[in-house]
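The sequence shown begins at 1337 in the numbering used here and counts up by one. Where is the CB? At the ideal position from N, CA and C, for every residue including glycine. The block underneath contains the structure these notes are about, expressed in structure tokens.
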Amino acid sequence: MKSRIMLAVMLLLAAPFLFGLEKKEHLSLDAQGIKHLEIDAGAGFLKVVGINDLTNIEVEAEIIVRGMREAKAEKFIKDKLELRLERFDHRARLVGKFKSHFSLFNWGEKLCNLTVRVPKTIDLSIDDGSGSISLNQIEGKLKIDDGSGSIKIEDINGDLEIDDGSGGIEATAIKGSVFIDDGSGEIRLQNIEGDIRIDDGSGDINVDNINGNVTLSDNSGSIWVDTVSKDVIIQDDGSGDVKISNVKGRVIK
């Protein structure tokens, strides 16, 4: 009897992963004359790569619904998925997310994973709900508003602004200023050609090889700063170790 009960419980817990549907969609838009791309993404990963001489904005969407039988998952995608790539004069907008929904039996994952290829010179604005973000090879400005999930950025030739709820942030090889307002999570910045300003709720901060001023405010977590060409200003350090070395300018605490 106990074994039957245990089996029933295990099947109930596994149900969200036994059923579901995965499908892929492709979107494309002529990028000639487009200077700015806005991305509105929900749950799922977002990967954006800049490509030299690319003439289109290309999107590969991986849509995953688990916890439903295939027919029901198909209907759910049809009713709830927002997936479109549109042009508005010199601006484009990509939406890839599920509409808000409520169910007493809302088990399983509903994800819209996005892989986006863009011309390298485009500016980007990203509003992301949850899931990891990866950006590289972009020569425009970046602005990110993220709810949760890790952020990894590499090889950007422009200013970077991040407003993040939670999740680690890693940025490398940025030729521009960096501003980060972060709720929680570790922050690692390396090889930055510009000023840095970080306002952090909790989590360690590690910055290295910065060609500019560094201004930090951290409520909790350790701070490590190494190799800075100008000033380092610690406006607030609630708790945690502070280690600062190889600063050519002033260190102000």
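DSSP puts residue i in a beta bridge; with which residues?
| i | result |
| --- | --- |
| N1667 | Coverage of the chain is limited to positions 1337 through 1589, which leaves residue 1667 absent and any answer about it impossible. |
| F1515 | E1497, R1533 |
| K1579 | W1560 |
| R1524 | E1506, N1542 |
| R1423 | A1428 |
| I1569 | T1551, I1588 |
| G1574 | G1574 pairs with nothing; no bridge assigned. |
| E1418 | K1433 |
Less than 6 Å between C-beta atoms, sequence neighbours within five positions excluded: which residues of the same chain meet that for residue i?
| i | result |
| --- | --- |
| G1539 | S1520, G1521, E1522, G1557 |
| T1551 | R1533, I1569 |
| K1511 | N1493, E1529 |
| R1524 | E1506, N1542 |
| G1432 | A1377, A1397, L1419, C1448, L1450 |
| E1665 | Here the chain has residues from 1337 to 1589 only, and residue 1665 is not among them. |
| K1488 | S1470, E1506 |
| S1581 | D1562 |
| H1547 | The residue you asked about is not His; residue 1547 is Asn in the sequence shown. Counting only Cβ-Cβ distances below 6 Å, and skipping sequence neighbours, we find E1529, S1565. |
| S1575 | S1556 |
| H1372 | R1427, D1459 |
| K1477 | D1459, G1494, D1495 |
Of the choices the options, whose alpha-carbon is the least far from that of residue i?
| i | options | result |
| --- | --- | --- |
| T1457 | I1489, E1497, D1572, N1388 | N1388 |
| A1367 | H1426, G1494, V1514 | H1426 |
| K1579 | D1562, I1569, Q1571 | D1562 |
| K1376 | L1430, N1527, G1548, D1544 | Correcting the residue identity first, residue 1376 is Asp in this sequence and not Lys. Residue L1430 is the option with its Cα nearest to D1376. |
| D1500 | A1397, D1518, S1466 | D1518 |
| D1482 | I1516, D1495, V1583 | I1516 |
| R1484 | G1444, I1399, S1468, G1369 | Just to set this straight, residue 1484 is Ser in the shown sequence, not Arg. Per the Cα distances, S1468. |
| V1583 | S1565, E1475, K1371, I1480 | S1565 |
| D1463 | F1381, A1407, E1475 | F1381 |
| V1452 | D1567, L1390, I1541 | L1390 |
| A1407 | N1472, K1359, G1369 | K1359 |
| K1383 | K1477, D1531, N1547, N1472 | N1472 |
| D1459 | S1581, S1436, I1370 | I1370 |
| I1588 | D1567, S1575, S1581 | D1567 |
Can you give me the Cβ contacts of residue i inside the same chain, cut-off strictly under 7 Å, excluding the 5 residues immediately before and after it?
| i | result |
| --- | --- |
| L1365 | N1392, I1393, L1421, R1423, A1428 |
| K1446 | A1379, V1401, F1434 |
| F1412 | V1401, M1404 |
| V1514 | L1496, A1507, L1525, I1528, G1530, I1532 |
What whole-angstrom Cβ distance do residue i and residue j have, given they're in contact under 8 Å?
| i | j | result |
| --- | --- | --- |
| F1434 | L1450 | Actually they are not in contact, since the Cβ atoms of F1434 and L1450 sit about 13 Å apart, beyond 8 Å. |
| G1465 | S1486 | About 14 Å; that fails the 8 Å criterion. |
| P1455 | G1386 | 7 Å |
| Q1526 | N1545 | 6 Å |
| E1490 | A1509 | 6 Å |
| S1470 | E1374 | Not confirmed; about 18 Å, so no contact. |
| D1573 | I1559 | 6 Å |
| S1480 | C1448 | Note that residue 1480 is Ile in the sequence shown here, rather than Ser. The Cβ separation is near 18 Å, so there is no contact. |
| E1361 | A1409 | 15 Å between Cβ atoms; not a contact. |
| D1535 | S1553 | 5 Å |
| V1395 | L1363 | 4 Å |
Heavy atom of the ligand ATP less than 7 Å from the Cβ of residue i, yes or no?
| i | result |
| --- | --- |
| L1478 | For the structure depicted, the ligand ATP is absent and the ligand set is empty, with no information on it obtainable. |
Please confirm whether residue i has its beta-carbon closer than 8 Å to some beta-carbon of chain D.
| i | result |
| --- | --- |
| G1476 | Given the protein chain composition of this structure (a single chain), no chain D is represented. |
Which residues in the same chain have their Cβ closer than 8 Å to the Cβ of residue i, if we skip the five residues on either side of it in sequence?
| i | result |
| --- | --- |
| G1585 | N1549, V1564, S1565, K1566, D1567, V1568 |
### Message
Which complete beta strand (DSSP E) runs does the region 1428 to 1510 hold, if anything under 3 residues is left out?
### Response
List check, beta strand (DSSP E) in window: 1446 to 1455, 1459 to 1466, 1469 to 1474, 1478 to 1484, 1487 to 1492, 1496 to 1502, 1505 to 1510.
### Task
Return the chain-ordered ranges of every beta strand (DSSP E) run that is complete within the region 1358 to 1404 and spans a minimum of 3 residues.
Qualifying beta strand (DSSP E) stretches, in chain order: 1372 to 1379, 1382 to 1387, 1392 to 1402.
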